[in-house]
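Numbering (the numbering used here), first residue to last: 16 to 337. Worksheet for the structure shown next.
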């Protein structure tokens, strides 16, 4: 069964087609050269002028045929490459739909359970407040997923202009952590505000807060430690301001460092629930960084050694355009 599948695998068929085309060309070329040789022998034996029996365009035809064959092979390679990318995109989208459906059903089921509990049973004020906090977390989780879907379309619209305002990044980050502390109670966040001066930068606040939300959420989502930790800090050089998000989570293999920023890409599979999130979070983070003329990269020493995301912004900025 495996041999049967291997024979009909697209890569096997593609490689076989290329080999067949190239082999046919060389068989034809060898036959052609042999025929030309026989004609030359005939001309020499009977004293016939070679210009009469020989094709003056032989070399031209060989070169032309070689160029055309090269064009066919290049065309096949391009078609096959696009085919493979289409198949890969289809698989990513299928994985996204399956996993996203699961991600939506989980908080909805949780909220429904708490509401049914309120309806059927008398609960104490302490229990009620705890349940309400859980429902708020789940509703915010749903809201974040919906916003991700909506923002992908907006961000990919190249004609859209974002209105930015000059803000102090330290204040923006402090306010964000204060207003959303109830969403990150599963771990501990330490913010090292190690700059006395203000860090003024043009920012689209709604998008920048989405970037922060995704990076902080990922730090706790991909963390299996008993005590989940995230350290946020600034570092500045002559031309760039770096914002570090360092966690003590599951870590990341070097082969995934670039892939995780691709749209729909997820480490793991939806079938066995090893894939988490929507596959859009880090893609949005990268796009939002580009909108702010910055870059995002990831560093990790490997599995079990935590992950550090680094947002780099051009600073001090010479163009303070809002």
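Using N, Cα and C, we set each Cβ at its ideal position, and we do this for glycine too.
1. Is the CB-CB distance between residue 136 and residue 147 below 9 Å?
2. Per DSSP, residue 56 is paired with what?
3. Quick one: give me the first and last residue of the beta strand (DSSP E) that residue 214 is part of.
4. State buried or exposed for residue 103, treating a residue as buried only when at least 16 other CB atoms are found within 10 Å of its CB.
5. For the beta strand (DSSP E) that contains residue 246, what are its first and last residues?
6. Run the CB neighbour count on residue 234, radius 10 Å, all protein chains shown included, and call it buried at 16 or more, exposed below.
7. Which residues in the same chain have their Cβ closer than 6 Å to the Cβ of residue 250, if we skip the five residues on either side of it in sequence?
8. Report buried or exposed for residue 34, applying the criterion of at least 16 other Cβ atoms within 10 angstroms of its Cβ.
9. From which residue to which residue does the alpha helix (DSSP H) around residue 235 run?
10. On the DSSP bridge list, what partners appear for residue 323?
11. Are residue 261 and residue 321 closer than 9 Å when you measure CB to CB?
12. So what's residue 180 in DSSP terms, helix, strand or just coil?
13. Kindly confirm or deny that the region 307-318 and the region 237-249 touch, where touching means at least three C-beta pairs closer than 8 Å.
14. Where do the ends of the alpha helix (DSSP H) carrying residue 305 lie?
15. Do you know whose CA, among 32, 44, 196, lies nearest residue 90's CA?
16. Cutting at 7 Å between CB atoms, please list the residues of its own chain near residue 183, excluding the five before and the five after it.
17. For residue 9, report the span of its beta strand (DSSP E) as first-last.
18. Give me the residue from 159, 143, 77, 205 with the minimum Cα distance to residue 46.
19. Going by alpha carbons, who is nearest to residue 304 out of 294, 164, 221?
20. Would you decide whether residue 324 is buried or exposed? Buried here means 16 or more other CB atoms lie within 10 Å of its CB.
21. Could you tell me the alpha carbon to alpha carbon distance between residue 299 and residue 196, rounded to whole angstroms?
22. Where residue 101 and residue 273 are concerned, what is the direct C-alpha to C-alpha distance, given to the nearest angstrom?
23. According to DSSP, which residues form a beta bridge with residue 256?
24. Short of 8 Å in beta carbon distance, which residues of its chain neighbour residue 209, apart from the five on each side in sequence? Order them along the chain.
25. Taking DSSP as the reference, what is the three-state secondary structure of residue 286?
26. Taking the CB atoms as reference points, tell me whether residue 295 and residue 311 lie closer together than 9 Å.
27. Distance, Cα to Cα, residue 244 vs residue 96?
28. Relative to the C-alpha of residue 43, which candidate in 185, 25, 84 has its C-alpha closest?
29. Is residue 60 buried or exposed, if buried means 16 or more other CB atoms sit within 10 Å of its CB?
Taking the definition as stated:
1. Within the chain shown, the letter at position 121 stands for residue 136. Within the chain shown, the letter at position 132 stands for residue 147. Their beta carbons are not under 9 Å apart, which means residue 136 does not touch residue 147 by this criterion.
2. Residue 56 sits at position 41 when you count from the first residue of the chain shown. DSSP output for residue 56 lists no bridge partner at all.
3. Here residue 214 is taken as the residue at index 199 of the chain shown, counted from 1. Run containing residue 214: none; DSSP gives neither H nor E here.
4. On the chain shown, residue 103 is found 88 positions in, with the first residue counted as 1. By the neighbour-count criterion, in which a residue is buried when 16 or more other Cβ atoms sit within 10 angstroms of its Cβ, residue 103 is exposed.
5. For the purposes of this step, residue 246 is identified with residue 231 of the chain shown, where counting begins at 1. It spans 243-251 - the beta strand (DSSP E) in which residue 246 sits, taken as one unbroken run.
6. Walking along the chain shown from the start, residue 234 turns up at place 219. Burial call: buried.
7. As a position in the chain shown, residue 250 is number 235, starting the count at 1. Non-local beta-carbon contacts of residue 250 in its own chain, meaning distances under 6 Å to residues more than five positions away in sequence, involve 257 in chain order.
8. If you number the chain shown from 1, residue 34 lands on position 19. Exposed.
9. In the chain shown, the residue the question calls residue 235 occupies position 220. From DSSP, the alpha helix (DSSP H) with residue 235 extends over 220-236.
10. Start at 1 with the first residue of the chain shown, and residue 323 comes out as number 308. DSSP, once it has assigned bridges, lists 261, 314 as partnering residue 323.
11. In the chain shown, counting from the first residue as 1, residue 261 sits at position 246. In the chain shown, counting from the first residue as 1, residue 321 sits at position 306. In contact: residue 261 and residue 321 (Cβ atoms closer than 9 Å).
12. As a working mapping, residue 180 is identified with position 165 in the chain shown. Three-state result, residue 180: strand.
13. no
14. To locate residue 305, count along the chain shown from 1; it is residue 290. Taken as a continuous stretch (DSSP letters only), the alpha helix (DSSP H) holding residue 305 covers 296-306.
15. The residue given as residue 90 occupies position 75 in the chain shown. The shortest C-alpha separation from residue 90 is found at 32.
16. Within the chain shown, residue 183 is the residue found at index 168, counting from 1. Excluding positions up to five away in sequence, the list reads 213, 214, 215.
17. With the chain running from 16 to 337 in the structure shown, residue 9 is simply not present.
18. For the purposes of this step, residue 46 is identified with residue 31 of the chain shown, where counting begins at 1. When each option's Cα is compared against that of residue 46, the closest is 77.
19. Mapped onto the chain shown, residue 304 falls at position 289. Considering only alpha carbons, the answer is 221.
20. Position 309 of the chain shown holds residue 324. Its Cβ being crowded by 16 or more others within 10 Å, residue 324 is buried.
21. The residue labelled residue 299 in the question sits at position 284 within the chain shown. The residue labelled residue 196 in the question sits at position 181 within the chain shown. Going by the C-alpha atoms only, they are around 22 Å apart.
22. As a working mapping, residue 101 is identified with position 86 in the chain shown. As a working mapping, residue 273 is identified with position 258 in the chain shown. Looking at the two C-alpha atoms, the distance is approximately 19 Å.
23. In the chain shown, residue 256 corresponds to position 241, counting from 1. In DSSP, residue 256 forms a bridge with 251, 328.
24. Locating residue 209 in the chain shown gives position 194, counting from the first residue. Hits under 8 Å: 248, 249.
25. Here the question's residue 286 lines up with position 271 in the chain shown. In this prediction, residue 286 has a pLDDT of 45, which is less than 50 and means its spatial position is unreliable; what the coordinates show is noted afterwards. Of the three classes helix, strand and coil, the one that applies to residue 286 here is coil, per DSSP.
26. Translated into positions along the chain shown, residue 295 becomes position 280. Translated into positions along the chain shown, residue 311 becomes position 296. Cβ distance not < 9 Å, so residue 295 and residue 311 don't count as in contact.
27. Stepping through the chain shown from its first residue, residue 244 is reached at position 229. Stepping through the chain shown from its first residue, residue 96 is reached at position 81. Their backbone Cα atoms lie some 42 Å apart in a straight line.
28. The residue labelled residue 43 in the question sits at position 28 within the chain shown. Ranking 185, 25, 84 by Cα distance to residue 43 puts 84 first.
29. Here residue 60 corresponds to residue number 45 of the chain shown, with the count starting at 1. It counts as exposed.
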